[in-house]
Amino acid sequence: MGNKIRLTTAQALIKFLNQQYIHVDGRETLFVEGIFTIFGHGNVLGIGQALEQDAGHLKVFQGKNEQGMAHAAIAYSKEKLRQKIYAVSTSSGPGSANLVTAAGTALANNLPVLFLPADTYATRQPDPVLQQIEQEYSTAVTTNDALKPVSRYWDRVTRPEQLMSSLIRAFEVLTDPAKSGPVTICISQDVEGEAFDFEEAFFQKRVHYVDRLQPSERELAAAEQLIRSSRKPLILVGGGVKYSEAGEELKAFSEKYGIPLVETQAGKSAVESTFVNNLGGMGVTGTLAANKAARLADLVIGIGTRYTDFATSSKTAFDFDRTKFLNINVSRMQTYKLDGLQVVADAKAALGKLHDRLEGYSSEFGPLIPELREEWNAERERLSRIEFKRSGFVPEIKKQFTQETMNEYADALGTELTQTTALVAINDTIDKDSIIISSAGSLPGDLQRLWHADVPNTYHLEYGYSCMGYEVSGALGIKLAHPDREVYSIVGDGSFLMLHSELVTAIQYGQKINILLFDNSGFGCINNLQMDHGSGSYYCEFRTEDNRIMNIDYAKVAEAYGAKVYRAHTARELKEALQNAREQTTSTLIDMKVLPKTMTDGYDSWWNLGVAEVSNRESTQRAYQHKVEMLKKSKQY
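Residue numbers for the sequence shown, in UniProt numbering: 1 to 637.
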């Protein structure tokens, strides 16, 4: 037997985290950068004591909301291309329950994060302790069981010696590109402080090797044959291209064989927008150029994508009678989507192997690619100059708001600024290497269509879960990953109200983030959704009981926290604020009042929704009939 070292379970945990390394493409780096925590009675005397005694290299950040700090950790992992993480420690009960939303966000996006929620007493002697739930059917059930369906790996440690096998299994999952996601290890709060004689070897440096999964000869031959037999292949760029760092290989492949690229939200900026074959985002929030190309394609090469309903326009983006699919993904499950040819491999490795095998092949898209790009760029230019008029103004998305209602909003918010004009103005003003983040509402659609990411990996959209409240918290995670870059959180007023707690954390630790708050006084995206499918405007606008539009001064909120604030009601004021904010050293917030119904919409796409089959509204009946017609075009895989 080797040497022993006597530590508490929590001390052993922290010591182990300090010794985890990851090895990718010959580069070996520390895997766990630090830990976010909010101390409570379930973790302060265990993990808290261990960190105070010896945190090692771990950076410790005090969060303000468990969900918020977890989202910061998730965004950090995404920016580090899943090669570095933060752990997240919470107390038991409501503290751990607040992790559920964040865990779902990480799971939907395949992002590694280590959750360490405290659990109830293993001895059960003082049960029920403060913040412990009770179920009649089982004493073993705790709040942490709610994390099971949203964790890639879940375990409960009720004895110190269980920690060893639990952590080794956890880090196998955290460092596996094929099943990367949230890991939850619940540690009973009495066990956190319980001592054990651990094997010293358990704390030796441990390197997790991530070797690129190579395609087999069989897969390459089949992929080559399928591409050669196609006339108009199209590449759908997913998030897996970013994590594989395959942008340069993808551009070389696309350019050599004349194959256009279209992007998912996760894949956008894997290749810069200026690349000649990049047609932009595809699907419900996509460009007209990308969606037209999808209709023409006879082969879709999906690389590192999950084929979500938004990317595929609820499976109506393609002509299934003639379009085939070739799926390259490290996840075998994802390669089976849309009944495609499966290539279970790393994106960079697969593209490298396929590149020379297709010598002599050329796509027939050819001259159509610049035509599609030019057509869309003209539309983008038009959208950048939308001006509000007091009479004769037609809302960009044509969603039932009358001129009278639009004038009412202009008066109530004191603005005539439109959303598309504001976004393009931001894009034109901030530094090209700045990183933007968004997540929910109408902004992701406008961003996927309008945002030009001229520098790779500067577009950070959480659209796997589209979690409201991710935008501000995630900005902190991005800043921790890129301390030398400007970070902009593009967030609606609805999402800001949901969660902006980590703005305080950013200010507290001197991590400058910039919040660009689009205030249209309501849940504008969902208001569009309900009205576009036959309903009236019902409980989505922010109105008082006497029907007045609310005008909230969000700048005062941020100013009270210690942020530098600005107010913008015109494109000129917005540009001036952005230029000044760039010079600041503390976090900033620009409170923009924008008019509703001035976002983008449509562009040859459709989203399958649960429209009422029976209604007393003729408009809802029409919406349901349209759904029936569109369903006939889709295929269920």
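Beta carbons: idealized from backbone N, C-alpha and C, even for Gly.
Is the Cβ-Cβ distance between residue i and residue j less than 8 Å?
i, j, result
"A87", "L116", "yes"
"S439", "S521", "no"
"A412", "M592", "no"
"S269", "Y459", "yes"
"L250", "L13", "no"
"I436", "L517", "no"
"I74", "A102", "yes"
"T586", "K556", "no"
"R124", "T139", "yes"
"Q511", "L476", "yes"
"A266", "Y463", "yes"
"residue 639", "L499", "In this structure the chain extends from 1 to 637, so residue 639 is not present and cannot be described."
"T175", "F31", "yes"
"N514", "A581", "yes"
"A146", "V113", "no"
"K232", "A297", "yes"
"Y603", "L234", "no"
"V300", "F325", "yes"
"L450", "V424", "yes"
Expressed to the nearest angstrom, what Euclidean distance is found between the alpha-carbon atoms of residue i and residue j?
i, j, result
"C186", "T418", "47 Å"
"E387", "T598", "9 Å"
"T505", "T37", "11 Å"
"K179", "T308", "18 Å"
"K84", "R27", "12 Å"
"G238", "L107", "16 Å"
"L7", "L130", "26 Å"
"L81", "T402", "46 Å"
"D54", "Q11", "8 Å"
"R156", "T184", "8 Å"
"R382", "A577", "24 Å"
"G469", "Q334", "28 Å"
"E371", "E272", "19 Å"
"A290", "V141", "49 Å"
"K348", "P128", "53 Å"
"P596", "G524", "6 Å"
"N407", "L167", "59 Å"
"P260", "A70", "37 Å"
"D546", "S434", "43 Å"
"A201", "I5", "10 Å"
"I47", "R543", "45 Å"
"S165", "E502", "33 Å"
"H118", "K64", "Note that residue 118 is Ala in the sequence shown here, rather than His. When rounded, the distance between both Cα atoms is 17 Å."
Under the three-state reduction of DSSP, which class applies to residue i: helix, strand or coil?
i, result
"L279", "strand"
"L476", "helix"
"Q530", "helix"
"Y137", "coil"
"I369", "helix"
"I35", "strand"
"F393", "coil"
"G2", "coil"
"G494", "helix"
"T585", "coil"
"Q62", "strand"
"W154", "strand"
"Q19", "coil"
"M592", "strand"
"R567", "strand"
"G522", "strand"
"A560", "helix"
"N514", "strand"
"R382", "helix"
"N444", "Note that residue 444 is Pro in the sequence shown here, rather than Asn. The answer is helix: DSSP assigns P444 an H, G or I state."
"Y603", "coil"
"I436", "strand"
"V611", "coil"
"P182", "strand"
"V24", "strand"
"residue 643", "Given that the chain is displayed from residue 1 to residue 637, the structure contains no residue 643 and the question cannot be resolved."
"I85", "strand"
"Y76", "helix"
"E573", "helix"
With 8 Å set as the bound, which would you pick, yes or no: does the beta-carbon of residue i sit closer than that to a beta-carbon of chain C?
i, result
"H452", "You won't find chain C in this structure, because it holds only one protein chain."
**OP:** Just list the beta strand (DSSP E) runs in the UniProt domain "Thiamine pyrophosphate enzyme central" (221-354), keeping only unbroken ones of 3 residues or longer that don't cross its boundaries, in chain order.
**Re:** As far as the UniProt domain "Thiamine pyrophosphate enzyme central" (221-354) is concerned, its whole beta strand (DSSP E) runs of at least 3 residues are 233-237, 261-263, 278-281, 299-303, 324-329, 341-344.
Original post:
Are there three or more Cβ pairs, one per stretch, closer than 8 Å when the stretch 312-319 is compared with the stretch 284-298?
Top reply: yes
**OP:** Mind the definition here: the stretch 519-533 touches the stretch 484-498 only if three or more C-beta pairs lie below 8 Å; say whether that holds.
**Re:** Touching, yes.
Original post:
Can we say the stretch 196-206 touches the stretch 239-248, given the rule of at least three CB pairs closer than 8 Å?
Top reply: no
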